[in-house]
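So the structure is just underneath, and the comments pick up after that.
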Amino acid sequence: MTAAWQQYRSAPPFGTRVAPAIDLPEHGHLSLTVESERGRFPLLVVRLADDALVAYVNACPHQYLPLDQRGNRLLSDDGETLRCTNHDAAFATRSGEGVGGLGTGCALDPVPVHVEDDWLVIGNVS
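Under UniProt numbering, the sequence shown has 126 at position 126, and the numbering climbs by one with no breaks.
Here's what the structure looks like:
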């Protein structure tokens with residue numbers, strides 16, 4: 001996993017609690033703004049069908065607009081594709097790699113997250 005997300009001025013530190021884990025729907029996604037002493041950070045967390053968690057900076061690399069700026073329907077029915085609501089750029093949910101439209105040749109910036117004490121937490125499992 002690349003650490004590009006840490007280059008954002010507002011990137012929260014490792015260990016930051018972002019939301020109760022129960023807020024993340026099964027086979028769905030949660031878009032939120034993480035507030036820390038560094039500022040406001042846009043985060044998109046997805047729970048896959050196999051219960052794996054992936055998270056990305058909620059910014060389409062095409063124009064750095066929030067993926068959900070024009071609506072909440074980002075995740076394909078099978079959960080394998082995320083689509084930017086602005087320009088329909090498509091990204092593989094598991095890897096963040098661009099797979100269609102204006103997403104081709106781009107990738108979302110992954111953010112490590114895990115569940116700890118019933119909270120979604122920034123960082124890898126220790």
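We put the beta carbon where it would ideally sit given N, CA and C, even for glycine. Remember, it's a predicted structure, so these values are computed and weren't measured experimentally.
Same chain only: Cβ atoms within 6 Å of residue i, ignoring 5 sequence neighbours per side
{"i": "serine 10", "result": "Arg38, Gly39, Arg40, Phe41"}
{"i": "glutamate 80", "result": "Thr93"}
{"i": "aspartate 118", "result": "Ala21"}
{"i": "arginine 17", "result": "Trp119, Val121"}
{"i": "histidine 27", "result": "Ala49, Gly79"}
Residue i vs residue j beta-carbon contact at 9 Å
{"i": "alanine 92", "j": "leucine 102", "result": "no"}
{"i": "aspartate 50", "j": "asparagine 58", "result": "no"}
{"i": "proline 66", "j": "serine 31", "result": "yes"}
{"i": "leucine 82", "j": "tyrosine 64", "result": "no"}
{"i": "glycine 96", "j": "alanine 107", "result": "yes"}
Cβ shell of residue i (< 7 Å), same chain only, five flanking positions each side left out
{"i": "histidine 29", "result": "Leu44, Val45, Val46, Leu74, Leu75"}
{"i": "tyrosine 8", "result": "Phe41, Val57"}
Cutoff 8 Å; reference residue i; Cβ partners in own chain excluding five residues on either side
{"i": "residue 130", "result": "The requested residue 130 is not part of the displayed model; the chain covers only 1 to 126."}
{"i": "histidine 87", "result": "Cys60, His62, Gln63, Gly101, Leu102"}
{"i": "threonine 33", "result": "Arg40, Phe41, Pro42, Leu43"}
Alpha carbon of residue i to alpha carbon of residue j, nearest angstrom
{"i": "threonine 85", "j": "valine 125", "result": "31 Å"}
{"i": "alanine 19", "j": "valine 121", "result": "8 Å"}
{"i": "aspartate 78", "j": "alanine 21", "result": "22 Å"}
{"i": "proline 12", "j": "glycine 71", "result": "25 Å"}
{"i": "proline 112", "j": "valine 54", "result": "7 Å"}
{"i": "proline 110", "j": "alanine 4", "result": "8 Å"}
{"i": "aspartate 23", "j": "glutamate 35", "result": "17 Å"}
{"i": "glutamine 6", "j": "phenylalanine 14", "result": "10 Å"}
{"i": "leucine 48", "j": "valine 115", "result": "14 Å"}
{"i": "proline 25", "j": "alanine 52", "result": "12 Å"}
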